[in-house]
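Q: If you read the sequences in order, they're chains A and B.
Start counting the first sequence at 293; every next residue gets the next number (my numbering).
Start counting the second sequence at 29; every next residue gets the next number (my numbering).
Cβ coordinates follow ideal geometry from the N, Cα and C atoms, glycine included.
This is the structure I want to talk about, given as structure tokens.
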Amino acid sequence: NAGVTQTPKFQVLKTGQSMTLQCAQDMNHNSMYWYRQDPGMGLRLIYYSASEGTTDKGEVPNGYNVSRLNKREFSLRLESAAPSQTSVYFCASSEGSTRTYEQYFGPGTRLTVT
Amino acid sequence: AQSVAQPEDQVNVAEGNPLTVKCTYSVSGNPYLFWYVQYPNRGLQFLLKYITGDNLVKGSYGFEAEFNKSQTSFHLKKPSALVSDSALYFCAVRDGRTNAGKSTFGDGTTLTVKP
Chain A
293 NAGVTQTPKF QVLKTGQSMT LQCAQDMNHN SMYWYRQDPG MGLRLIYYSA SEGTTDKGEV
353 PNGYNVSRLN KREFSLRLES AAPSQTSVYF CASSEGSTRT YEQYFGPGTR LTVT
Chain B
29 AQSVAQPEDQ VNVAEGNPLT VKCTYSVSGN PYLFWYVQYP NRGLQFLLKY ITGDNLVKGS
89 YGFEAEFNKS QTSFHLKKPS ALVSDSALYF CAVRDGRTNA GKSTFGDGTT LTVKP
């Protein structure tokens, strides 16, 4: 099992450009999440999908959109990138049933917006 | 609303000594509690969790954590630290009342184990 995979690993954008971060999991998990990690601020939830066909806003959703394409894939889109979106982005998944709520994380995407 | 506090940004211990990384939480319903570890330039890895049952839970790499309901704490412990334990540690909580809930993470504690 590859677990949770993310593409790309690194990306540099100019202000106003758009891009989509891809995430896939092969663990048959129901729930998927997008976080951003900034120095001294821990992990902040951007969007999550409790199950296929549903998405909900997290703590910092402004400037982002998501698509739960199928059970395996959950993408994050930046429509018009801003320097404030420079961060490391992590995708995670969890089985989502009783006693198995722990999350499994991808390796991250390091995004720089100039 | 739910929240997590990790009161120490940094914890330094000598190799072979016991270590404790502190975590306190606030949640309306039943607390589901987690510890994760992050090594440089890597994603987070799950260490252990408390859902229900024994207050002392054991996890990966010799780590354990004690759930204390009265003090709303879930401190991470290890009897004998290794240099390889040096990493960033995150505590997380979610409300156990709902299957569709989300976890809230603390800001993280950097553990440094010196030889």
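1. What are the complete beta strand (DSSP E) segments, minimum 3 residues, inside the region 34–122 of chain B?
2. Using a Cβ cut-off of 8 Å, pull out every chain A residue sitting near G134 (chain B), in sequence order please.
3. Counting contacts by CB-CB distance shorter than 7 Å, is L407 (chain A) in contact with chain B?
4. Using the Cα positions of E351 (chain A) and V55 (chain B), report the straight-line distance between them to the nearest angstrom.
5. Rank B:Q73, B:T137, B:Y67, B:G87 by C-alpha distance to the C-alpha of D37 (chain B) and give the top, closest one.
6. Based on the DSSP output, what are the partners of Y393 (chain A) in its beta bridges?
7. Based on DSSP bridge pairs, tell me the residues matched to A316 (chain A).
8. At a CB-CB cut-off below 8 Å, which residues of chain B make contact with L403 (chain A)?
9. Could you name the residues of chain B that N302 (chain A) contacts, counting a contact when the two beta carbons are closer than 9 Å?
10. By alpha-carbon positions, which one of B:P46, B:Q73, B:Y53, B:R122 ends up nearest to S88 (chain B)?
11. Between V296 (chain A) and C383 (chain A), is the Cβ-Cβ spacing less than 7 Å?
12. Counting along the chain, where does the beta strand (DSSP E) carrying Q377 (chain A) start and finish?
13. Pull up the distance between the alpha-carbon of K130 (chain B) and that of V358 (chain A), whole angstroms please.
14. Please list, in chain order, the chain B residues whose beta carbon lies closer than 9 Å to that of L337 (chain A).
15. What distance in whole Å lies between the Cβ atoms of Y60 (chain B) and G124 (chain B), which are believed to be in contact at a cut-off of 8 Å?
16. In chain B, which residues lie less than 8 Å from G398 (chain A) when you measure between Cβ atoms?
17. Does any residue of chain B have a CB that is nearer than 7 Å to the CB of Y340 (chain A)?
18. From P143 (chain B) to T48 (chain B), what does the alpha carbon distance come to, in whole angstroms?
19. Can you pull the chain C residues whose beta carbon is under 7 Å from the beta carbon of Y60 (chain B), in chain order?
A: This is what the structure holds:
1. Within the region 34–122 of chain B, the complete beta strand (DSSP E) runs of at least 3 residues are 38–42, 47–49, 52–54, 59–66, 72–78, 84–86, 92–96, 101–106.
2. G134 (chain B) reaches chain A at G334, counting residues in chain order whose Cβ is nearer than 8 Å.
3. It is not possible to answer for residue 407 (chain A), since the shown part of chain A is limited to 293 through 406.
4. For E351 (chain A) and V55 (chain B), the distance between alpha carbons rounds to 16 Å.
5. Checking every option, the nearest Cα to that of D37 (chain B) belongs to B:T137.
6. Answer is none; Y393 (chain A) lacks a bridge partner.
7. Per DSSP, A:T297, A:E365.
8. What L403 (chain A) touches in chain B, judged by beta-carbon distance under 8 Å, is nothing: the nearest beta carbon there is about 14 Å away.
9. Just to set this straight, residue 302 (chain A) is Phe in the shown sequence, not Asn. What F302 (chain A) touches in chain B: nothing, since even the nearest Cβ is about 11 Å away.
10. Considering only alpha carbons, the answer is B:Q73.
11. With contacts defined by Cβ atoms closer than 7 Å, V296 (chain A) and C383 (chain A) form a contacting pair.
12. Neither: Q377 (chain A) is in no beta strand (DSSP E) and is coded neither H nor E.
13. Looking at the two C-alpha atoms, the distance is approximately 16 Å.
14. Neighbours of L337 (chain A) on chain B, chain order: K130, S131, T132, F133.
15. With a Cβ gap of about 5 Å, G124 (chain B) and Y60 (chain B) count as contacting.
16. Simply G71.
17. By this cut-off, Y340 (chain A) is an interface position.
18. Taking the straight line joining both Cα atoms gives about 17 Å.
19. Included in the structure are the protein chains A and B, with no chain C among them.
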